[in-house]
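Residues 8 to 122 in the working numbering are what the sequence shown spells out, letter by letter.
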Amino acid sequence: MVNNVTSLTGNGLKDWLIQRVTAVYFAAYLVFLFGFIFSHPGMNFSQWHDLFANKIFQIATAIGVTALTLHAWIGIWTVTTDYMKCTAIRLSVQLFVVLWLLIQLIWGLMIIWGQ
């Protein structure tokens, strides 16, 4: 059992499951997005804007951005925990990554919701 304060859930199985679920979500999101793009061969800005102005798609994109943040943190945590043996360096890198991911999450949500 993972017993580390920097782990997302404190449980390796739950972290693994979150990564798999978020990966499946990305795949479904991309299938829809590419399907939309290929079904509108002469797509213009107006159609693209209408897609992202749709509340359901905004929610789906917000879930995707949040899932990307969780997915990235679990991956980075795993790599840094496995390969960075110096605790001070590892925690510094993890702190930097957490801050970077939170900034990107907030920025992404602001873009999606037009703030």
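Note that CB positions come from ideal geometry on N, CA and C, so glycine has one too.
In the DSSP assignment, the alpha helix (DSSP H) including residue i goes from what residue to what residue?
i: H78; result: K62 to Y90
i: G19; result: G19 to S46
i: M117; result: T94 to I119
Using the Cβ count rule (16 or more neighbours within 10 Å means buried), how would you classify residue i?
i: A74; result: buried
i: T68; result: buried
i: D22; result: buried
i: W114; result: exposed
Residues in its own chain within less than 8 Å of residue i by CB, not counting five upstream and five downstream?
i: T29; result: A74, L75, L77 and H78
Our contact map puts residue i next to residue j with C-beta atoms below 8 Å; I'd like the distance itself, whole angstroms only.
i: W80; j: L108; result: 6 Å
i: M58; j: F41; result: In the sequence on display, residue 58 carries Leu and not Met. In fact, because the Cβ distance is near 12 Å, the residues do not count as touching under 8 Å.
Where residue i and residue j are concerned, what is the direct C-alpha to C-alpha distance, given to the nearest angstrom?
i: S46; j: A35; result: 16 Å
i: W55; j: C93; result: 47 Å
i: F64; j: G71; result: 10 Å
i: I83; j: K62; result: 31 Å
Using a Cβ-Cβ cutoff of less than 6 Å, which residues in the same chain neighbour residue i once the five nearest sequence positions on both sides are dropped?
i: I119; result: Q65, T68 and A69
Sorted by chain position, which residues of the same chain lie with C-beta nearer than 7 Å to residue i's C-beta, five sequence neighbours on each side aside?
i: L116; result: A69 and V72
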